[in-house]
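The numbering of the sequence shown is the working numbering, which starts it at -10 and goes up by one. Ideal Cβ placement from N, Cα and C applies to all residues, glycine included. Below: the structure, in structure tokens.
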Amino acid sequence: MDKNFYITTPIYYPSAKPHMGHAYSSIVADFFARFKRIQGYDVFFLTGTDEHGLKIQRAAEKSKMDPKSFCDQISKTFFDLSKILNLSNNDFIRTTEERHKKSVTELWNILEKKNEIYLSKYSGWYSVSDEAFYSDDEIENKDNIKISKISGSAVEWLEEESYFFKLSKWQEPLLKFYSDNPNFILPVTRKNEVINFVKSGLKDLSVSRKSFSWGINVPSNKDHVIYVWLDALTNYLSALNYPNTNDNLYKKFWPASIHLIGKDILRFHAIYWPAFLLAADISPPKRVYGHGWILSGEEKMSKSKGNILDPIEIIDKYGLDPLRYYLIKEVSFGNDGNISQQKLESCINSDLANNYGNLCQRVISFIDKNLDLKTPNQFKFNSDDLKVLDEFNINFEKIVQSIDNQNINFYVNFIQDQLFAANKYFNDQEPWKKKLDKNRLNTILYTSLELIRKISIMLYPIIPDSSLKVLGIFDISESDVDFNSIKNNEILKTNNKLNKISILFKKIEQND
Ligand code: ME8
């Protein structure tokens, strides 16, 4: 079986600095990347910035900067955030890089050569904020301004010479592609929306602009720049050194396993992108997952609405792992989610400090006092011990499947249940009363350590830093983290010195 896994985030517009919505997509993508790595996959994880187009040109003009220097400055804030979020990305692509231009130019040339592109004139609505064309029936009036019904952003009338991609020709092949690949678009509700949209009829797509210059030139006509979405989507190929299809990265990782995106940009990824690729005779990605939005009140959090929560401020106040845990746990994956500092604080106190942190501290300090901080030298499991330990191998396939179906909530709930069970086990077994029964005492402690090990391995993709601190008790380092080992109940060496750990999560004083 193919043990390569290629996951991408959207490449973000560096029109303003990143907010919680961007952090969310990136953290979730990192979760999947880290999970697949500890499952033994060779993973390529890509993120980056989408730097061309009128939206960026205008933002640069507003800041009185040339577009490239403007992008350099803001792209860096996204790059820095990738470090702050502890993303394990293998590359960070910028669409202003030469390698990307080469790749887009090649894709354009292929489409032109295959007669998929023709010159005509566009007249219709355009939203600069979305960098998207809208038809008349997708427009409405609000406070005397024309806006897109879909995104709510303002549109302007556009009339200019433009190259068109023969999207209409791909309507039937796309529908066939969706039915041959039923898991191409997830979640299912979104898939149905896309299919209905395609069934309602696809018009040819304007893929170049003449009235501004900030973009990649159409190779055969320098008066035009290539439409920013055709440019941006190609980043997923550029990072694999396309057009060099003999390159190892390309051979190993294309087609992508999953493009993880927000539902706002599903149309581009689930319709335009596979159509461009099919037209160029390149395999489409295996999956596009459109997750929900982080809301602020009832509305989508977005820079244009000015209702953003700054991830860096939250991290400064609470730390990174609590934020990662909270976003992954609290937002029902695929749906919109409202986040609040109060809920974040409860989550830190109950799940992280009480359930996880406390379990680790209690077990280790008990072993420190009673076993000279060593793993017990002998043990014999009884049915109570096996009951808690075996949950992991009994549910192993289910856990793996939950990840492969992007069912994050199952994964997190499973961990929560095991944390609860491990704490209950330690309380119920009352090792403090078994000091005279050495065999039983040893077995309870060995079982508790194994539970901490298994749970920490499962937590690694969510809160890598904290999980590695705990695994440090057993001298398990990052490269040793092996998801498959959670099936095994006897990984820890007996009579082995353990390491102490400091407090993992500080409880937050809440005012309610
Ligand atoms: O669309 N909740 O860039 P962008 C959840 N450059 N996720 C959110 C979010 C929110 N409130 N706000 C943003 C673009 N996101 C294009 C993409 S890809 C080839 C080109 C996340 O800066 C979510 O993943 O507007 C969304 O799809 C993406 O950021 C949009 O980022």
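- Not one heavy atom of the ligand ME8 sits closer than 6 Å to the Cβ of K6.
- In the structure shown, the three-state DSSP call for T84 is coil.
- Annotation for F34: the continuous beta strand (DSSP E) segment containing it runs D31 to T38.
- Between the ligand ME8 and the CB of P(-1), the shortest heavy atom gap is smaller than 6 Å.
- Ranked by Cα distance from E380, the first of F403, R442 and N371 is F403.
- Here the distance from the Cβ of L222 to the nearest heavy atom of the ligand ME8 is below 6 Å.
- For M447, the shortest separation between its Cβ and any heavy atom of the ligand ME8 does not lie below 6 Å.
- DSSP places I304 within a helical segment (H, G or I) once states are collapsed to three.
- I451 and A22 have their C-alpha atoms roughly 11 Å apart.
- The segment 275 to 295 makes no contact with the segment 471 to 480; the number of CB pairs closer than 8 Å stays below 3.
- If you check the C-beta of D19 against the ligand ME8, you find no heavy atom less than 6 Å away.
- Around the beta carbon of F201, fewer than 16 other beta carbons lie within 10 angstroms, which makes this residue exposed.
- The three-state reading of DSSP puts F463 in helix, counting H, G and I together.
- G251 has its Cβ nearer than 6 Å to a heavy atom of the ligand ME8.
- Taking all protein chains in view, the Cβ of G346 is crowded by 16 or more other Cβ atoms within 10 Å, so the residue is classified as buried.
- Distance from D361 to K489 at the Cβ level is roughly 12 Å; contact not present, criterion being Cβ atoms closer than 8 Å.
- Restricting attention to L434, S58, Y239 and K458, the CA atom closest to the CA of N478 is found in L434.
- With fewer than 16 other CB atoms across the displayed protein chains lying within 10 angstroms of its CB, F409 is exposed.
- Pairing V93 with I205 gives a Cβ-Cβ distance under 7 Å.
- S272 carries a coil assignment under DSSP once its states are collapsed to helix, strand and coil.
- Assigned with DSSP and collapsed to three states, T(-2) falls in strand.
- For H280, no alpha helix (DSSP H) encloses it; the enclosing beta strand (DSSP E) starts and ends at V277 to H280.
- Within the same chain, and ignoring the five residues on either side of P244 in sequence, the residues whose Cβ sits closer than 7 Å to its Cβ are S272, P273, P274 and K275.
- Y123 has its Cβ no nearer than 6 Å to any heavy atom of the ligand ME8.
- A residue is called buried when at least 16 other Cβ atoms come within 10 angstroms of its Cβ; D55 does not meet this threshold and is exposed.
- Comparing alpha-carbon positions, the option among I441, W114, D253 and S354 lying closest to W421 turns out to be S354.
- Here the C-alpha atom of L267 lies approximately 11 Å from the C-alpha atom of I99.
- Not a single heavy atom of the ligand ME8 lies less than 6 Å from the C-beta of G286.
- For I184, the closest alpha carbon among the candidates N172, N359, D193 and L194 is that of N172.
- In the DSSP assignment, I283 forms a beta bridge with G326.
- About 6 Å separates the beta carbon of S77 from that of F34, a gap short enough to meet the 8 Å contact definition.
- Cβ atoms of L229 and Y261 stay farther apart than 8 Å, at about 19 Å.
- D39 has its CB nearer than 6 Å to a heavy atom of the ligand ME8.
- As far as DSSP is concerned, A12 takes part in no beta bridge.
- By alpha-carbon distance to S339, the top candidate from N384, D19, K318 and A18 is K318.
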